[in-house]
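So the structure is just underneath, and the comments pick up after that.
2 protein chains.
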Amino acid sequence: MGKVATADALRFMTDCLKSVGAAAKAAQQQAELLIEADRVGHPSHGLNRLEFYVNDIISGACKPNNQPKILKESASTAWVDANNVLGATVSHFAMDIAINKAKQTGVGWVTVKGSNHNGMAGYWSKKAADQGLMGMAFTNTSPLLAPTRSKKSALGTNPLSVAAPGSDKETFYLDMATTAVAVGKIEMQMRKGETLPKGWAQDPDGKETQDAELAFKTGCLMPLGGGEDTSGYKGFGLAAMVELFCGISSGSNYGHKIRSWSHSGDGGPANLGHCFIAVDPENFAPGFGDRLTECMRHWRELEPADKSLPVLAPGDKEKKASQLTDSRGTVSYVKQQLDSSAALAKKLSVKPMEVVE
Amino acid sequence: MGKVATADALRFMTDCLKSVGAAAKAAQQQAELLIEADRVGHPSHGLNRLEFYVNDIISGACKPNNQPKILKESASTAWVDANNVLGATVSHFAMDIAINKAKQTGVGWVTVKGSNHNGMAGYWSKKAADQGLMGMAFTNTSPLLAPTRSKKSALGTNPLSVAAPGSDKETFYLDMATTAVAVGKIEMQMRKGETLPKGWAQDPDGKETQDAELAFKTGCLMPLGGGEDTSGYKGFGLAAMVELFCGISSGSNYGHKIRSWSHSGDGGPANLGHCFIAVDPENFAPGFGDRLTECMRHWRELEPADKSLPVLAPGDKEKKASQLTDSRGTVSYVKQQLDSSAALAKKLSVKPMEVVE
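Just so you know, the sequences run in chain order F and B.
Under the working numbering, the first residue of the first sequence carries the number 34, and numbering increases by one thereafter.
Under the working numbering, the first residue of the second sequence carries the number 34, and numbering increases by one thereafter.
Here it is, written out as structure tokens:
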């Protein structure tokens with residue numbers, strides 16, 4: 034592990050994206066999205082993804098300087114063509130529309146086609162929560178989830194996220210893949226030489242496997258809930274619901290029609306679909322924030338089964354991680370990440386990040 | 034098991050509710066909601082619940098002849114006071130508002146306070162899907178779900194449901210508790226004398242248990258996903274999200290503040306919260322229904338890991354069960370259910386159901 038000043042990591046990511054042709058604002062917004070993932074403790078969606086975006090720009094699969102546009106609009110909805118820009122560009126565009134509509138009619142519901150990977154889903158929900166609204170964000174992704182009983186994958190990890198503002202600076206924050214776990218967790222078990230818990234992943238025959246290496250090679254994740262006897266079909270249903278709101282609604286690629294996941298950037302335009310929702314709780318019962326905060330505190334104060342493991346409210350993990358990051362002023366990266374970033378700096382002739390300790 | 038003509042079971046439930054004072058329409062709508070659960074193969078939410086509603090009317094905890102009313106309204110939202118009517122009465126009232134708003138502005142989002150148990154959540158989503166819309170319905174329920182790491186329950190089984198119309202008469206239908214399983218499944222394992230799969234339920238110390246009898250007695254369910262190592266906190270997060278949309282938004286009772294579950298009807302008004310959403314997919318990309326149907330068919334045609342267990346699309350189980358019910362014209366009930374219904378008929382001086390075979 035090595036530490037890098039948070040501001041320097043942000044600068045580096047912005048520079049890399051600019052060096053391959055992204056305009057300053059697009060590069061900055063995408064870099065802010067990535068550093069936020071590193072800041073709140075989800076490194077899989079941070080600097081780790083940079084090269085993927087860079088390669089998609091180099092290959093022409095992503096066009097960072099296009100403009101997203103509204104194709105259809107009603108009082109509370111909009112249908113947006115991302116026009117193949119970076120995920121952060123169109124997600125700001127679309128969530129801003131949802132927020133404005135929510136302030137006018139109570140709800141804004143925006144679907145997006147023609148997009149690229151848009152990072153941590155929770156980043157977009159939180160954008161609405163920061164404006165006093167309930168926010169939701171969904172995206173489809175490359176196939177990795179095997180529907181219950183299926184040998185093969187047919188849906189992505191299709192995350193859903195929800196954020197809402199409580200009183201006293203509390204924020205409800207839920208950002209979850211609809212698979213049991215992300216691929217990164219399997220990779221981690223493999224590196225540690227440990228087996229997998231049941232319910233994470235399948236082998237090439239479609240059977241549950243606890244062999245981390247085989248699971249990683251197969252790349253076929255089980256839905257949240259695991260096997261059929263533990264209601265894995267609910268996780269499959271949730272992933273399908275996310276696809277309903279994203280690709281099926283927006284007319285982007287969907288499910289089995291999405292290109293497979295790779296960092297090499299040779300797969301052509303992703304044409305992903307997203308969905309952004311904002312709702313103004315002022316339209317319902319007064320005292321929303323107080324009730325939410327009361328709930329969050331009640332959950333934290335529940336007696337834990339194991340005294341050393343206190344109960345966490347949704348978002349507590351991310352809140353704690355971000356406070357730690359901010360107090361240190363640095364983000365930590367594994368050696369492999371630092372090495373590949375140094376190589377990328379060289380390749381793009383960009384000033385490398387400085388490892389401070 | 035014994036069979037009863039579907040129409041007779043509907044008649045019986047309507048009569049029982051009328052006999053304790055519910056007006057004809059309210060009784061009819063509640064009975065239709067219950068028979069639908071028996072029809073699609075979810076008997077826990079059918080006739081099985083009748084006595085619970087009847088007792089709540091007798092005790093005065095539920096006031097079936099009140100009128101629900103709109104407390105606040107915007108172009109796309111409404112806040113409704115159920116005024117303690119039966120769940121079916123206010124759910125029709127609220128989902129009709131959501132549907133009308135969706136047809137006008139694209140989205141309708143309605144929250145309800147002061148309500149009673151409103152049956153199978155999917156019934157309300159499907160009401161919107163039958164009108165060509167995406168429908169969603171959520172409700173909070175009495176505490177049964179233990180947040181990850183907690184010894185005790187603090188949320189209900191908080192179901193979420195989504196339905197949407199495909200082309201060629203396909204319907205996407207997802208109706209799921211956010212716990213791994215419902216209490217009824219634990220009861221079934223206990224009756225069969227079998228142990229529980231991991232990840233279903235906790236013992237009084239907050240540890241996972243596979244002892245069906247102990248689990249049933251404890252009444253503390255694990256969230257979808259099971260333990261922490263299989264991402265049970267995601268199921269907890271989903272249950273909390275449902276509460277955000279229901280009790281926290283509507284100002285009804287919520288989470289730990291909801292009365293505990295009992296059939297005896299001595300707990301005072303339930304003051305439950307619901308949320309109903311309708312969205313018109315016509316506001317997004319043309320071809321919504323075709324894409325949805327293509328997806329549903331693709332999932333069904335995926336090669337199964339076990340050839341005897343074909344992959345099911347969301348709603349296939351319910352569709353199959355309802356076709357079977359309709360072809361037979363009868364619903365089947367376990368002996369215990371038939372006995373308690375006969376006793377109820379006697380108690381209320383209502384014509385009993387006729388067991389036809």
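A virtual CB, placed ideally from N, CA and C, is assigned to each residue, including glycine.
Just so we're clear, the structure is a prediction, and the values are computed from it rather than from any experiment.
Do three or more CB pairs link the segment 314-330 of chain B to the segment 166-184 of chain F at distances below 8 Å? Taking a contact to require three or more Cβ pairs closer than 8 Å, the segment 314-330 of chain B and the segment 166-184 of chain F do not qualify as touching.
DSSP state of B/Thr270, grouped into three classes? Contrary to the premise, residue 270 of chain B reads as Gly rather than Thr in this sequence. Here B/Gly270 sits in helix by DSSP.
Opposing strand residues paired with B/Cys328 [DSSP bridges]: BP columns for B/Cys328 are empty, so no partner.
Check the Cβ of B/Asp15 against every Cβ in chain F and list those closer than 8 Å, keeping chain order. The requested residue 15 of chain B does not occur in the structure, where chain B is confined to residues 34 to 390.
Bridge partners for F/Ile130 per DSSP, in chain order? Answer is none; F/Ile130 lacks a bridge partner.
Would you kindly report the start and end of the unbroken beta strand (DSSP E) that includes F/Lys51? Counting along the chain, F/Lys51 falls outside any beta strand (DSSP E), though it belongs to the alpha helix (DSSP H) covering 39-52.
For F/Leu193, which three-state DSSP category applies? In this structure, F/Leu193 counts as strand in the three-state DSSP scheme.
Using a Cβ-Cβ distance cut-off of 8 Å, determine whether F/Met209 contacts chain B. yes
Where does the unbroken alpha helix (DSSP H) through F/Met221 begin, and where does it stop? From DSSP, the alpha helix (DSSP H) with F/Met221 extends over 216-225.
So which residues on chain F does B/Trp112 lean against when the C-beta distance must stay under 8 Å? Asn316, Phe317, Ala318
Decide yes or no for the touch test of the segment 229-237 of chain F against the segment 246-261 of chain F: beta carbon pairs closer than 8 Å, at least 3 of them. yes
To be precise: take each residue of the segment 142-153 of chain B, compare its Cβ to all Cβ atoms of chain F, and keep it if any distance is under 8 Å. Which residues remain? Trp142, Thr144, Lys146
Residues within the segment 319-336 of chain B neighbouring chain F, beta-carbon criterion of under 7 Å: Gly320, Phe321, Arg324, Leu325, Cys328, His331, Trp332, Leu335, Glu336
DSSP three-state call for F/Tyr287: helix, strand or coil? coil
Cross-chain neighbours of F/Lys267 in chain B, by beta carbon under 7 Å: Met209, Leu257
Going by the DSSP bridge assignment, what does F/Tyr366 pair with across the sheet? Residue pairing of F/Tyr366 in beta bridges, as defined by DSSP: F/Gly35.
Check B/His78 in the structure and name its three-state DSSP category. The answer is helix: DSSP assigns B/His78 an H, G or I state.
Beta-carbon of F/Ile281 versus every beta-carbon of chain B: anything under 8 Å? yes
Would you say B/Pro76 lies against chain F (beta-carbon separation less than 8 Å)? no
From F/Ser124, F/Ala115, F/Ser186, F/Ala59, residue whose alpha carbon lies closest to that of B/Glu336: F/Ser186
Straight-line gap, F/Lys58 to B/Thr228 (C-alpha atoms, nearest Å): 58 Å
Measure from the C-beta of B/Met221 to each C-beta in chain F and report whether the shortest distance is under 8 Å. no
So which of B/Gly232, B/Leu381, B/Val216 has the shortest CA-CA distance to B/Ser77? B/Val216
Near-chain F residues of the segment 160-188 of chain B (beta-carbon distance less than 8 Å), N- to C-terminal order: Listed in sequence order: Met167, Pro180, Thr181, Arg182, Ser183, Lys184, Lys185, Ala187.
Against chain B, with Cβ distances strictly below 8 Å, would F/Asp41 count as a contact? Not flagged as an interface residue toward chain B: F/Asp41, since no C-beta distance is shorter than 8 Å.
Suppose contacts are defined by Cβ-Cβ distances below 8 Å. Is B/Pro38 in contact with B/Gly362 by that definition? Here the sequence assigns Ala to residue 38 of chain B, which means Pro is not the residue at that position. Yes, the pair counts as a contact, with Cβ atoms nearer than the cut-off.
Under the assumption that F/Ala213 contacts F/Leu166 (Cβ atoms under 8 Å), give the Cβ distance between them as a whole number of angstroms. About 30 Å; that fails the 8 Å criterion.
List the residues of chain B that F/Met274 touches, going by C-beta distances under 7 Å, in chain order. Val195, Leu207
Closest residue to F/Lys51 among F/Ser365, F/Glu84, F/Glu276, F/Lys105 (Cα-Cα distance): F/Glu84
Are F/Leu271 and F/Thr190 close, meaning C-beta to C-beta below 8 Å? no
Extent of the continuous beta strand (DSSP E) run through B/Asp114: Where B/Asp114 is concerned, the enclosing beta strand (DSSP E) stretches over 110-114.
Going by beta carbon distance, what residues of the same chain come within less than 6 Å of F/Glu390, once the five residues before and after it are set aside? Lys36
Pull up the distance between the alpha-carbon of F/Met209 and that of F/Ala196, whole angstroms please. 12 Å
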